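**Student:**
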Amino acid sequence: MDIVEGEAAGAAEAGTAQAGEGEREPHPSDSLRTFGAVVQALREHAGLSRTDLGDLVQYSKHTVESVELGRRMPDEEFVERAEGALGNTGALRKAAGHLSRGEVGLAAWFRRWARLERKAVSLCTYECRLVPGLLQSEAYARAVFEGTIPLRTDDELEDQLTARMERQRMMRERPTVPFSFIVEEHVFRRRFGDAEAMRGLVDHVLERSAPRNVTLQVVPLEAELHPCLDGPVRLLETPAGQRLGYSEGQQNGRLISDRKEVSLLCQRYERLRSQALSPKESRDLLERLRGEL
Numbered sequence: 008m009d010i011v012e013g014e015a016a017g018a019a020e021a022g023t024a025q026a027g028e029g030e031r032e033p034h035p036s037d038s039l040r041t042f043g044a045v046v047q048a049l050r051e052h053a054g055l056s057r058t059d060l061g062d063l064v065q066y067s068k069h070t071v072e073s074v075e076l077g078r079r080m081p082d083e084e085f086v087e088r089a090e091g092a093l094g095n096t097g098a099l100r101k102a103a104g105h106l107s108r109g110e111v112g113l114a115a116w117f118r119r120w121a122r123l124e125r126k127a128v129s130l131c132t133y134e135c136r137l138v139p140g141l142l143q144s145e146a147y148a149r150a151v152f153e154g155t156i157p158l159r160t161d162d163e164l165e166d167q168l169t170a171r172m173e174r175q176r177m178m179r180e181r182p183t184v185p186f187s188f189i190v191e192e193h194v195f196r197r198r199f200g201d202a203e204a205m206r207g208l209v210d211h212v213l214e215r216s217a218p219r220n221v222t223l224q225v226v227p228l229e230a231e232l233h234p235c236l237d238g239p240v241r242l243l244e245t246p247a248g249q250r251l252g253y254s255e256g257q258q259n260g261r262l263i264s265d266r267k268e269v270s271l272l273c274q275r276y277e278r279l280r281s282q283a284l285s286p287k288e289s290r291d292l293l294e295r296l297r298g299e300l
């Protein structure tokens, strides 16, 4: 079995054993590293410190450092201001046109699954701990990341938040791919922030689950025991017709390719689907929960 993210932390490079501490650090893409090296070379040629450049471009020293190390995707304003501050050679503008985010902000054990998600022809998710990452509001995702241990720097938090929000784009960009979610009711009742933040979460979930290709079912509090009590599970089908599963725990994840094991997980998911509320009943429940806030 391959070791592969988690919704609470971020997704993973496959391996044959649990990822080590160093491997869990996000890996910048080649284009981000190259762009960062160009920024650093031009800055040093101009005799500027990172603090000096930060003052000139109106960004913090830490942001400059993150860009130079390839850990942060520079926005358009950073590129334009840095271009002006570092000689107007045109190098930064041209290099910025070839940037790709890569997998910055994703936990090492989840990256392979994240790549498989982007190409899958169907996706199924059961969650009993927290709102699935593909349905999280920005405020909810930020609260999740801020509550993780070990604590992250502000830049690391922003990297994780950006990766989570970018990951959600595939639901908007792939309207013919079926997305199925089954979530325990208590997940939506767990408080974070104030009532406005909670309402924002419910509104976001209702909006994300509204398209015809997205199905959301809630397992109500009064439901009886069911087959997925072993924990969260995700399932997908590849373009080649292969079915894969994924499960995760504390600081690790597992990509499941054994056909018998995946078949068992599919059977459990289908049984739970029959026990959960219908999509309409689930939306009605979420709207009632929103009204209680």
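The sequence shown begins at 8 in the working numbering and counts up by one. The beta-carbon is built from N, C-alpha and C at its ideal position, and this holds for glycine as well. Everything numeric in this text was worked out from a predicted model, so none of it was measured.
#1: State the DSSP-derived secondary structure class of cysteine 273, mapped to helix, strand or coil.
#2: Enumerate, from N- to C-terminal direction, the unbroken alpha helix (DSSP H) stretches of 4 or more residues contained entirely within the stretch 97-173.
#3: Any contact between the stretch 126-140 and the stretch 182-194? By contact I mean 3 or more CB pairs, one from each, below 8 Å.
#4: Between leucine 284 and leucine 292, how many whole angstroms is the CB-CB distance? I'm expecting something under 8 Å.
#5: Would you give the residue range spanned by the beta strand (DSSP E) that arginine 295 belongs to?
#6: Nearest-angstrom Cα distance between asparagine 95 and glutamate 165?
#7: Provide the residue(s) that pair with asparagine 6 in DSSP beta bridges, ordered along the chain.
#8: Are there 16 or more other CB atoms within 10 angstroms of the CB of alanine 170, so buried, or fewer, so exposed?
#9: Can you give the beta carbon distance from leucine 63 to alanine 92, rounded, assuming they're within the 8 Å contact cut?
#10: For isoleucine 189 and leucine 223, I'd like the C-alpha separation in whole angstroms.
#11: Could you have a look at glutamine 282 and say whether DSSP puts it in helix, strand or coil?
#12: Using CA atoms only, rank isn't needed, just tell me which of Pro246, Arg297, Cys235 and Ala121 is closest to glutamate 277.
#13: Unbroken beta strand (DSSP E) runs of length 3 or more, entirely within the stretch 181-243: which are they?
#14: Please report the distance separating the alpha-carbon of lysine 287 from that of valine 45.
#15: Look at the Cβ atom of aspartate 162, then the Cβ atom of histidine 69, and state whether they are nearer than 9 Å.
#16: On a CA-only basis, which of Val128, Pro218, Arg149 and Gln175 is nearest valine 184? Give me that one, please.
#17: How big is the Cα-Cα spacing for leucine 279 and arginine 79?
**Tutor:** The structure says:
#1: helix
#2: 98-103, 118-126 and 145-153
#3: yes
#4: 6 Å
#5: Here arginine 295 belongs to no beta strand (DSSP E); instead the alpha helix (DSSP H) covers 286-299.
#6: Going from the Cα of asparagine 95 to the Cα of glutamate 165 covers about 28 Å.
#7: One cannot answer for residue 6 here, as it falls past the ends of the chain, which runs 8 to 300.
#8: With a threshold of 16 other beta carbon atoms within 10 Å, alanine 170 meets it and is buried.
#9: 4 Å
#10: 6 Å
#11: Three-state result, glutamine 282: helix.
#12: Glutamate 277 has its Cα closest to that of Cys235, out of Pro246, Arg297, Cys235 and Ala121.
#13: 186-191 and 221-226
#14: 53 Å
#15: yes
#16: Measuring from the Cα of valine 184, the nearest candidate turns out to be Val128.
#17: 40 Å
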